[in-house]
Amino acid sequence: MPDIALRFHKDALVLSSPAADGLRRLGVDPAQDGDFTLLFEPEIYEELYRLETAAEPQCLTAPTAYLTPIRLAQASMEQSAQELAVTALRLVQNYRPQHTLVELIPCGLPLDTSSAASLKETRSQYQRFAQLFAQETFDGYLLRGFTSLADLRCALEALREADERPVLASVAVDAEGNLLGSSYHKESLEEACELMSAGAAVVGFETAAAQDQACALARRARQATDKPLLVSLEVAKRDGRQGGPTPENPYYCADMMVATADALWTYGVQFYRAEGDVTPAYTGALVAATMGRDVCAHPAM
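Here the sequence shown is numbered in the numbering used here, starting from 8 and rising by one per residue.
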């Protein structure tokens, strides 16, 4: 399997959409039933990945997002952790992707940053997650959906201690560039980029913002870091009656992502992903928009 690090700062790459999004389209709750489905109804995942692979993304993300101990316990699947990890990787690798990424979302534990015990337990969640994959072959980790810098720091520290493989990290932000978990003290995209630059190989963000705002965020991220950039575009719930883009859902159809991906490329974005209420057509649109492109040598500022 090629080393993804050899492609950093080079050609544009598209990641497959989260398997959890595909499960939701089918009426399956990924948090409660996703892992059970993976073990006992794998054909559901196989069909999701068959369709996603047809869109030809260069990177397939394994359905591992919910394999932290606390989430497995909530789904009563903690005894199957290792089997789930191996099954998830084999499932994806059967499609012979150019690159395989192990996906991880926030573990969901309440985190008290003033408590050493709380921080230790949160780091332990991510360390135990990484241990499931210690003997497996894949290209790197994808951290996504993080809305707290403290939680993200725990995950980055844990993975860095457990594994030398590259980490692609991403935070969820609003159109103003504030992390979605920010409340009393707003945490900014720039603060997140600084943290991710110290602990990750690729720095990114997820946004539901329309093209102009997404590009403004990419510009800010590019100014805050010299690491490769990842942008995930979030699709709100689609409505067949929607005839055009709206502020609430600018990506109401897959074609709307083409122009945005084209614009993001001029800001030096290398990695692209579609999330939310998406179909494989969204991944295909991103592939079509970025195929054959190298990252700009002098991105717009």
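Each residue gets a CB set at the ideal place from its N, CA and C atoms; glycine is no exception.
This structure is a prediction, so every number in the text was calculated from the model and none was measured.
Less than 6 Å between C-beta atoms, sequence neighbours within five positions excluded: which residues of the same chain meet that for residue i?
i                 : result
alanine 182       : Ala216, Gln220
arginine 226      : Tyr274
glycine 291       : Ala62
arginine 14       : none
proline 287       : Leu58, Glu59, Ala62
phenylalanine 153 : Pro113, Leu159, Val178
proline 104       : Leu67
alanine 165       : Arg130, Tyr133, Gln134
alanine 261       : Ala288, Tyr289, Ala292
threonine 71      : Ala95, Val109, Glu110
Apart from the five residues on each side of it in sequence, which residues of its chain come closer than 7 Å, Cβ to Cβ, to residue i?
i              : result
alanine 268    : Tyr279, Leu293, Ala296, Thr297
tryptophan 272 : Ala19, Thr297, Arg300, Cys303
histidine 305  : Reliability fails at histidine 305, whose pLDDT of 49 lies under 50, so the model's placement of it is uncertain and the value that follows must be treated cautiously. Hits under 7 Å: none found.
alanine 243    : Ala215, Glu255, Asn256, Gly283, Asp284
alanine 12     : Pro173, Ala208
glycine 184    : Ser195, Leu196, Leu224, Arg227
arginine 31    : Pro37
glutamine 65   : Leu20, Val21, Gln105, His106
Starting from residue i, follow the beta strand (DSSP E) in both directions and report where the run begins and ends.
i             : result
arginine 151  : 147–153
cysteine 200  : Where cysteine 200 is concerned, there is no enclosing beta strand (DSSP E), although the alpha helix (DSSP H) it sits in stretches over 196–206.
threonine 129 : That residue, threonine 129, is in no beta strand (DSSP E); its alpha helix (DSSP H) goes 123–138.
If you drop the 5 nearest sequence neighbours on each side, which residues of the same chain put their C-beta closer than 8 Å to that of residue i?
i              : result
aspartate 28   : Glu282, Gly283, Asp284, Val285
leucine 236    : Val209, Val210, Gly211, Ala225, Ala228, Arg229, Tyr274, Gly275, Val276, Gln277, Phe278
serine 43      : A small fix is needed here, since residue 43 is phenylalanine in this sequence, not serine. Closer than 8 Å at the Cβ level, and outside the excluded window around phenylalanine 43, lie Ala82, Met84.
valine 93      : Glu143
proline 49     : Thr94, Leu98
methionine 308 : Annotation note: pLDDT 44 at methionine 308 (below 50); position unreliable, no value reported.
Give me whichever residues DSSP pairs with residue i in a beta bridge.
i              : result
valine 174     : Tyr148
serine 239     : Glu213, Arg280
asparagine 185 : Ser195
leucine 67     : Thr107
Report the three-state DSSP secondary structure of residue i (helix, strand or coil).
i                : result
arginine 227     : helix
arginine 280     : strand
threonine 94     : helix
aspartate 219    : helix
serine 24        : coil
valine 99        : helix
phenylalanine 15 : coil
cysteine 161     : helix
glutamate 110    : strand
aspartate 301    : strand
alanine 179      : strand
glutamine 142    : coil
threonine 267    : helix
threonine 290    : helix
glycine 29       : helix
arginine 57      : helix
glutamate 255    : coil
alanine 72       : coil
alanine 62       : coil
tyrosine 52      : helix
leucine 116      : coil
arginine 248     : coil
Which residues bound the alpha helix (DSSP H) around residue i?
i            : result
leucine 45   : 37–47
cysteine 260 : Taken as a continuous stretch (DSSP letters only), cysteine 260 belongs to no alpha helix (DSSP H), as it is neither H nor E.
glutamine 86 : Counting along the chain, glutamine 86 falls outside any alpha helix (DSSP H), and DSSP gives it neither H nor E.
proline 76   : 76–81
For chain C, is any of its Cβ atoms less than 9 Å away from the one on residue i?
i                 : result
phenylalanine 212 : Checking the listed chains, one finds no chain C in this structure; it contains a single protein chain.
### Contact between the segment 132–145 and the segment 153–173 (3+ Cβ pairs under 8 Å)
yes
### Query
Taking contact to mean at least 3 C-beta pairs separated by less than 8 Å, is the segment 84–96 in contact with the segment 120–128?
Counting Cβ pairs under 8 Å, fewer than three are found: no touch.
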